[in-house]
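Asker: Before anything else, here's the structure in question.
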Amino acid sequence: MENLVIQGVAAIAALGVYFLPSIIADRRKRYDLLTIALFNAVVGWTVFGWLLALYWALQPNPPKNVAGEIVKSRKIVSMRKFSTMLADRVRLRSSRTKARERSSK
0 MENLVIQGVA
10 AIAALGVYFL
20 PSIIADRRKR
30 YDLLTIALFN
40 AVVGWTVFGW
50 LLALYWALQP
60 NPPKNVAGEI
70 VKSRKIVSMR
80 KFSTMLADRV
90 RLRSSRTKAR
100 ERSSK
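The sequence shown begins at 0 in numbering that gives the first Met the number 0 and counts up one residue at a time.
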């Protein structure tokens, strides 16, 4: 009976260690908890898979709306480019105007 209790405790401890990446992901409120848990359950038996799941669980949450973030960053980049080109055009016209004024004097 004593041996059975020790084996039960050892089995529970082994399962706890095996699913440690999933537990960490749950505690850190990861949005992709189910994906990490499934990956951990399927590939975690390999040391590399378990380490990869642990690394994944320790990463910060990804943005909820990745497509929206990409669109927003593209808009910012295009607005910067537009602003730079507009400023260059204003400088060019200003220099042309000053050159005309100098040549007409």
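Here a beta-carbon is modelled for each residue, glycine too, at the ideal position from N, C-alpha and C.
Rounding to the nearest angstrom, what Cα-Cα distance links V76 and A10 in this structure?
Answerer: Residue numbering aside, residue 76 sits at position 77 when the sequence shown is read from its first letter. Residue numbering aside, residue 10 sits at position 11 when the sequence shown is read from its first letter. CA-to-CA, the gap between V76 and A10 works out to about 54 Å.
Asker: Classify F47 as buried or exposed, calling it buried when 16 or more other Cβ atoms lie within 10 Å of its own Cβ.
Answerer: Numbered from its first residue, the sequence shown carries residue 47 at position 48. Exposed: under 16 other Cβ atoms inside 10 Å.
Asker: Given a cut-off of 9 Å on the beta-carbon distance, is the pair L57 and R27 in contact?
Answerer: Taking the sequence shown and counting its residues from 1, the one referred to as residue 57 is at position 58. Taking the sequence shown and counting its residues from 1, the one referred to as residue 27 is at position 28. Yes.
Asker: What number of angstroms, rounded off, separates the C-alpha of R90 from the C-alpha of F81?
Answerer: Locating residue 90 in the sequence shown gives position 91, where the first residue counts as 1. Locating residue 81 in the sequence shown gives position 82, where the first residue counts as 1. Approximately 14 Å, taken between the alpha carbons.
Asker: Run through DSSP, which three-state label would P20 get?
Answerer: Locating residue 20 in the sequence shown gives position 21, where the first residue counts as 1. Three-state result, P20: helix.
Asker: Would you mind sorting W49 into buried or exposed? The rule is 16 or more other CB atoms within 10 Å of its CB.
Answerer: Numbered from its first residue, the sequence shown carries residue 49 at position 50. Its Cβ being crowded by 16 or more others within 10 Å, W49 is buried.
Asker: With respect to 8 Å, is the separation between the Cβ of M78 and the closest non-hydrogen atom of the ligand FAD below this value?
Answerer: Among the components of this structure there are no ligands whatsoever, and the ligand FAD is therefore not found.
Asker: Indicate whether A24 and W44 have their beta-carbon atoms separated by less than 9 Å.
Answerer: Counted from its first residue, the sequence shown places residue 24 at position 25. Counted from its first residue, the sequence shown places residue 44 at position 45. No, they are not a contact pair.
Asker: Would you kindly report the start and end of the unbroken alpha helix (DSSP H) that includes T96?
Answerer: Within the sequence shown, numbered from 1, the residue matching residue 96 stands at position 97. Unbroken alpha helix (DSSP H) run through T96: 65-103.
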